[in-house]
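Following: one structure in structure tokens, then a few remarks.
Protein chains in written order, with this note's numbering: chain A, 25 to 257; chain B, 150 to 258.
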């Protein structure tokens with residue numbers, strides 16, 4: 025296919041390339057839905073939270089705080105820390121989106137998620153000049169949103185029927201493994217992954233999940249260091 | 150927590166998610182991100198995912214368990230091997246979950 029893709033082609037390519045990770049997104053959504061109800065929220069409250077926030081790990085991190093009646097600002101601050109990785113993602117997206125109107129940028133920003141972002145970076149890594157990148161992004165992002173929300177609602181309404189000891193949340197982690205393993209063929213990325221994974225374990229007792237942030241930043245620094253050693257300028 | 154405080158918390162979580170997602174996208178063009186930082190950002194997703202995966206597999210109940218009695222760790226290793234061999238995401242998830250259930254429920258005692 026040598027002619028440039030139409031926006032419609034690019035949109036469906038985004039949908040198609042997200043789908044292999046769909047079961048993982050579905051499992052995470054299902055687990056989050058179940059966890060909200062099991063932590064004591066009513067069905068109405070759980071539906072409200074998931075449709076408002078679309079936040080995944082921040083929702084999960086906030087549950088024990090709300091269950092123990094923590095102050096609203098502590099809940100907000102914890103969610104913010106867990107979500108700081110999105111600052112890093114949106115910094116990457118800036119160059120693609122800057123020419124769009126504010127409302128479009130807000131919508132595209134709201135739709136950022138871990139899985140669809142990895143797909144988008146992979147597209148631009150393999151095709152740096154891909155012309156219909158916004159349509160591709162929308163396709164992957166909307167597929168991600170629909171799968172997540174459908175699974176989350178199913179988890180909320182089916183929470184009583186799913187035994188907790190099935191350990192279904194592991195399916196989400198396994199899907200993340202399938203995202204990371206191919207990236208590790210690139211040696212600096214492998215170094216960053218090793219450092220970030222180790223540091224996340226070592227720094228696990230830092231408050232407010234700051235260990236996660238520290239691991240991400242030091243891992244990125246390690247990857248850059250390895251990259252600069254391999255290509256001395 | 151009162152009903153009002155809960156809904157305030159939901160709104161707070163929503164804002165705490167929108168701000169990091171949209172803040173940099175809405176900032177003006179005058180904000181220039183230096184090239185080294187922009188190139189470092191390429192490594193962000195892999196590092197963030199590793200930082201989520203490693204504790205989940207190695208700290209199954211909050212304590213470090215880097216041994217063969219840890220079904221999550223073994224399932225994660227099996228899943229990585231399956232992905233390496235097949236490149237199939239669905240195969241990786243299904244195979245990893247089967248390994249996990251076999252290790253967790255298959256060998257009682």
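In this text, a Cβ means the ideal position worked out from N, Cα and C, and glycines have one as well.
Neighbouring residues, chain B, relative to residue i (Cβ below 9 Å)
{"i": "residue 188 (chain A)", "result": "Correct list: empty, because the minimum Cβ distance to chain B is about 13 Å."}
{"i": "residue 44 (chain A)", "result": "237, 238, 239"}
{"i": "residue 47 (chain A)", "result": "238, 239, 242, 243"}
{"i": "residue 34 (chain A)", "result": "Neighbours of residue 34 (chain A) on chain B: none; closest Cβ ~20 Å, over 9 Å."}
Boundaries of the alpha helix (DSSP H) in which residue i is found, first to last residue
{"i": "residue 41 (chain A)", "result": "31–42"}
{"i": "residue 56 (chain A)", "result": "46–62"}
{"i": "residue 223 (chain B)", "result": "220–235"}
{"i": "residue 136 (chain A)", "result": "Segment: none, residue 136 (chain A) is in no alpha helix (DSSP H) and carries neither H nor E."}
{"i": "residue 168 (chain A)", "result": "157–182"}
{"i": "residue 250 (chain B)", "result": "238–254"}
Cross-chain neighbours of residue i in chain B, by beta carbon under 8 Å
{"i": "residue 138 (chain A)", "result": "194, 197, 198"}
{"i": "residue 60 (chain A)", "result": "Residues of chain B passing the Cβ test: none, with the nearest at roughly 11 Å."}
{"i": "residue 249 (chain A)", "result": "Residues of chain B passing the Cβ test: none, with the nearest at roughly 10 Å."}
Cross-chain neighbours of residue i in chain A, by beta carbon under 7 Å
{"i": "residue 217 (chain B)", "result": "Ordered by position in chain A, no residue passes the 7 Å Cβ test against residue 217 (chain B), which lies about 17 Å from the chain."}
Integer-rounded CB distance, given that residue j should sit under 8 Å from residue i
{"i": "residue 35 (chain A)", "j": "residue 134 (chain A)", "result": "Not confirmed; about 18 Å, so no contact."}
{"i": "residue 52 (chain A)", "j": "residue 182 (chain A)", "result": "About 15 Å; that fails the 8 Å criterion."}
{"i": "residue 198 (chain A)", "j": "residue 240 (chain B)", "result": "The pair is not a contact, with the Cβ atoms about 10 Å apart (cut-off 8 Å)."}
Cβ of residue i within 8 Å of any chain B Cβ
{"i": "residue 179 (chain A)", "result": "no"}
{"i": "residue 117 (chain A)", "result": "yes"}
{"i": "residue 107 (chain A)", "result": "yes"}
{"i": "residue 30 (chain A)", "result": "no"}
{"i": "residue 84 (chain A)", "result": "no"}
{"i": "residue 258 (chain A)", "result": "No statement about residue 258 (chain A) is possible, as the shown extent of chain A runs from 25 to 257 and does not include it."}
{"i": "residue 39 (chain A)", "result": "no"}
{"i": "residue 253 (chain A)", "result": "no"}
{"i": "residue 234 (chain A)", "result": "no"}
{"i": "residue 104 (chain A)", "result": "yes"}
Chain A contact for residue i (CB, 8 Å cutoff)
{"i": "residue 183 (chain B)", "result": "no"}
{"i": "residue 246 (chain B)", "result": "yes"}
{"i": "residue 258 (chain B)", "result": "With a pLDDT of only 49 at residue 258 (chain B), under 50, the local geometry of the prediction cannot be trusted, and no value is derived from it."}
{"i": "residue 178 (chain B)", "result": "yes"}
{"i": "residue 190 (chain B)", "result": "yes"}
Chain-ordered neighbours of residue i on chain B, where CB pairs are closer than 7 Å
{"i": "residue 217 (chain A)", "result": "195, 196, 199"}
8 Å Cβ cut-off: residues of chain A touching residue i
{"i": "residue 295 (chain B)", "result": "Residue 295 (chain B) lies beyond the range of chain B shown here (150 to 258); nothing can be said about it."}
{"i": "residue 208 (chain B)", "result": "225, 228"}
Residue i: CB within 7 Å of a non-hydrogen atom of the ligand NAP
{"i": "residue 243 (chain B)", "result": "Ligands are entirely absent from the displayed structure, and the ligand NAP is therefore not among its contents."}
Can you list, in chain order, the residues of the stretch 155–179 of chain A whose Cβ is nearer than 9 Å to any Cβ on chain B? none
Output, in sequence order along the chain, the residues in the stretch 154–176 of chain B whose CB is closer than 9 Å to any CB in chain A. 154, 155, 156, 157, 158, 159, 160, 161, 162, 163, 164, 165, 166, 167, 168, 169, 170, 171, 172, 173, 174, 175, 176
At a CB distance below 7 Å, what residues from the stretch 217–232 of chain B approach chain A? Give them in sequence order. 221, 224, 225, 228, 229, 232
Could you name the residues of the stretch 189–210 of chain A whose beta carbon sits closer than 7 Å to any beta carbon of chain B, in the order they occur along the chain? 191, 194, 195, 197, 198, 199, 200, 201, 202, 203, 204, 205, 207
Could you please tell me which residues of the stretch 49–81 of chain A, in chain order, have their CB closer than 8 Å to any CB of chain B? 51, 65, 69, 72, 73, 76, 77, 78, 79, 81
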